[in-house]
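Trainee: There's a structure below that I have some questions on.
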Amino acid sequence: MTELVTFGETMALFAARRTGPLRFARDFDLGLGGAESNVAIGVARLGHAVAWVGRVGADEFGDLIRSTLAGEGVDVRAIPDPGAPTGLMIKGRRTADLIDVRYYRKDSAGSRLSAADLDPELIRSARVLHVSAITPALSASAREAVRHAIAEARAAGVLVSLDVNYRRALWTPEEAGAWLREAVGEVDVLFATEAEGRLIADVDGAEQLAKALAALGPVHVLIKFGARGALELSAGVVRRAEPYKVTEVDSVGAGDAFAAGWLADWLAGAGPDERLATACAAGAFAVTSQGDWESLPRRADLDLLRSPADGVSR
1 MTELVTFGET
11 MALFAARRTG
21 PLRFARDFDL
31 GLGGAESNVA
41 IGVARLGHAV
51 AWVGRVGADE
61 FGDLIRSTLA
71 GEGVDVRAIP
81 DPGAPTGLMI
91 KGRRTADLID
101 VRYYRKDSAG
111 SRLSAADLDP
121 ELIRSARVLH
131 VSAITPALSA
141 SAREAVRHAI
151 AEARAAGVLV
161 SLDVNYRRAL
171 WTPEEAGAWL
181 REAVGEVDVL
191 FATEAEGRLI
201 ADVDGAEQLA
211 KALAALGPVH
221 VLIKFGARGA
231 LELSAGVVRR
241 AEPYKVTEVD
251 SVGAGDAFAA
261 GWLADWLAGA
271 GPDERLATAC
281 AAGAFAVTSQ
291 GDWESLPRRA
301 DLDLLRSPAD
311 GVSR
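Just so we're aligned: 195 in UniProt numbering is position 195 of the sequence shown, and the numbers increase by one with no gaps anywhere.
Right, here's the structure in full:
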């Protein structure tokens with residue numbers, strides 16, 4: 001049985017190998033990236049049955065996405081679209097500490113996702129539906145697909161998870177805030193950074209913000225602080241988790257990894273402290289190498305962050 005269903009746009013990802021302006025880049029690594037597929041891979045690696053739904057171009061990049069996700073154990077429900085190309089993401093490193101990400105996704109296959117592409121029975125039979133606020137920013141049809149999926153999940157008693165994942169290249173803070181304030185009352189789990197949370201509720205202080213968000217409907221509110229750890233508010237109880245200390249190589253995808261770790265532990269029946277610790281561990285793993293998802297951990301990896309101080313596994 002599929003335990004978690006997610007959907008959205010996954011793009012071909014070209015990552016420059018050298019640091020500096022992209023115009024001087026000559027060599028790129030080819031991979032893929034997408035918030036929802038990152039979560040799908042992360043949850044699958046942690047031992048759960050996951051399905052990802054999306055539209056891809058009827059092209060080599062679409063084939064890459066399908067084969068890579070399938071190779072990671074994800075049930076791929078990709079719809080080849082001969083009328084639109086797979087979207088592209090270009091990632092460069094302007095300086096050693098500044099990552100430059102550019103999207104070429106206007107009129108892409110992924111942006112043409114619609115409610116008709118979703119299998120209602122797949123959603124109703126799952127335990128979790130995970131969506132992000134990236135998808136409704138892609139197009140009117142994609143926005144309707146999110147609304148439809150959430151309605152199907154709620155009618156069937158399926159846990160609904162939403163990661164804000166705000167992308168300023170796709171919509172303004174005002175547009176995003178308006179959609180989020182309407183949607184947040186329909187979800188059970190909300191993931192956000194402090195800045196993203198304030199798109200919904202303009203409240204100072206992380207705990208106060210979490211409480212304001214929970215008052216709108218979510219049972220679980222997760223506030224991510226990046227290298228400073230995270231906070232969870234569940235059943236009126238606030239818990240904080242300290243970050244794991246790792247050497248950061250590439251921070252893109254850390255939030256998706258965090259969500260994957262939390263959701264995988266929720267599916268496993270773990271308690272709130274363990275869920276939060278696993279989420280932070282997964283986020284820490286995600287930043288330790290290049291790529292949006294390549295470093296996502298498996299269950300056996302989680303104890304590695306508690307390895308001896310010399311960093312040598314024997």
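Where a beta carbon is used, it is the ideal one built from N, C-alpha and C, also for glycine.
Curious, which full-length beta strand (DSSP E) runs of at least 3 residues does the region 196-251 contain?
Mentor: Qualifying beta strand (DSSP E) stretches, in chain order: 220-224, 230-234 and 237-241.
Trainee: If you measure between the beta carbons of alanine 192 and valine 158, is that distance less than 8 Å?
Mentor: Against a cut-off of 8 Å, the Cβ pair of valine 158 and alanine 192 comes out as no contact.
Trainee: Confirm, please, whether the CB-CB distance from isoleucine 223 to glutamate 186 is below 8 Å.
Mentor: Not closer than 8 Å, so no.
Trainee: Counting beta carbon pairs with one atom in the region 272-287 and one in the region 71-90, are three or more of them shorter than 8 Å?
Mentor: Because the criterion of three Cβ pairs below 8 Å is not met, the region 71-90 and the region 272-287 do not touch.
Trainee: Quick check: what's the CA-CA separation for leucine 46 versus asparagine 165?
Mentor: Whole-angstrom Cα-Cα distance: 22 Å.
Trainee: Which class does valine 312 belong to by DSSP, given the choice of helix, strand or coil?
Mentor: In this prediction, valine 312 scores a pLDDT of 45, lower than 50, which makes its location untrustworthy; the coordinate-derived value is nonetheless stated afterwards. In this structure, valine 312 counts as coil in the three-state DSSP scheme.
Trainee: Among Val219, Ala78 and Thr2, which residue has its Cα nearest to the Cα of valine 50?
Mentor: Measuring from the Cα of valine 50, the nearest candidate turns out to be Thr2.
Trainee: With a cut-off of 8 Å on the beta carbons, I'd call serine 132 and glycine 8 a contact; round off their distance for me.
Mentor: The pair is a contact, with the Cβ atoms about 6 Å apart (cut-off 8 Å).
Trainee: Assign leucine 113 to one of three DSSP states: helix, strand, or coil.
Mentor: Reduced to three states, the DSSP call for leucine 113 is coil.
Trainee: Rounding to the nearest angstrom, what Cα-Cα distance links valine 287 and phenylalanine 14 in this structure?
Mentor: The straight-line gap from Cα to Cα measures roughly 18 Å.
Trainee: Just verifying my parser: in three-state terms, what is the DSSP assignment at glycine 261?
Mentor: Helix.
Trainee: Would alanine 281 and glycine 261 qualify as a contact pair, given that the criterion is a beta-carbon distance under 8 Å?
Mentor: Against a cut-off of 8 Å, the Cβ pair of glycine 261 and alanine 281 comes out as a contact.
Trainee: With distances taken Cα to Cα, identify the nearest neighbour of glycine 87 among Ala78, Lys106 and Asp63.
Mentor: The shortest Cα separation from glycine 87 among Ala78, Lys106 and Asp63 belongs to Lys106.
Trainee: For glycine 54, which three-state DSSP category applies?
Mentor: Looking at glycine 54 - three-state DSSP - the assignment turns out to be strand.
Trainee: If I'm right that alanine 145 touches leucine 113 with Cβ under 8 Å, what's the distance once you round it to whole angstroms?
Mentor: Alanine 145 to leucine 113, Cβ: 5 Å. Contact.
Trainee: Return the first residue and the last residue of the alpha helix (DSSP H) that proline 272 is part of.
Mentor: Per DSSP, proline 272 belongs to the alpha helix (DSSP H) from 272-286.
Trainee: Suppose you measure from the CA of alanine 44 to the CA of valine 184; what does that come to, to the nearest Å?
Mentor: Computed Cα separation, rounded: 26 Å.
Trainee: If you drop the 5 nearest sequence neighbours on each side, which residues of the same chain put their C-beta closer than 7 Å to that of glutamine 290?
Mentor: So the list reads Ala15, Val249 and Asp250, once near-sequence residues are dropped.
Trainee: Nearest to glutamate 196 by alpha carbon, out of Leu162, Gly92, Trp52 and Ala12?
Mentor: Comparing Cα-Cα distances from glutamate 196 to each of Leu162, Gly92, Trp52 and Ala12, the minimum goes to Leu162.
Trainee: Kindly list the residues whose CB is nearer than 6 Å to the CB of aspartate 292, restricted to its own chain and excluding five residues on each side of it in sequence; keep chain order.
Mentor: Counting only Cβ-Cβ distances below 6 Å, and skipping sequence neighbours, we find Gly33, Asn38, Val252 and Gly253.
Trainee: At which residue ranges does the region 103-185 contain complete beta strand (DSSP E) runs of 3 or more residues, listed in the order of the chain?
Mentor: With a minimum length of 3 residues, the continuous beta strand (DSSP E) runs that stay inside the region 103-185 are 128-132 and 159-163.
Trainee: Based on the DSSP output, what are the partners of isoleucine 90 in its beta bridges?
Mentor: In DSSP, isoleucine 90 forms a bridge with Phe14 and Arg102.
Trainee: I'd like to confirm the pairing. Which residues does DSSP put opposite methionine 29 in its beta bridges?
Mentor: Reading off the sequence shown, one finds aspartate at residue 29, where the question assumed methionine. Beta-bridge pairing links aspartate 29 to Ala15.
Trainee: By DSSP's criteria, phenylalanine 7 is part of a beta bridge. Which residues make up the other side?
Mentor: Val53.
Trainee: What does the Cβ neighbour count give for arginine 181, buried or exposed, with the cut at 16 atoms within 10 Å?
Mentor: It counts as exposed.
Trainee: In angstroms with no decimal places, state the Cα-to-Cα distance between glycine 31 and alanine 96.
Mentor: Going by the C-alpha atoms only, they are around 21 Å apart.
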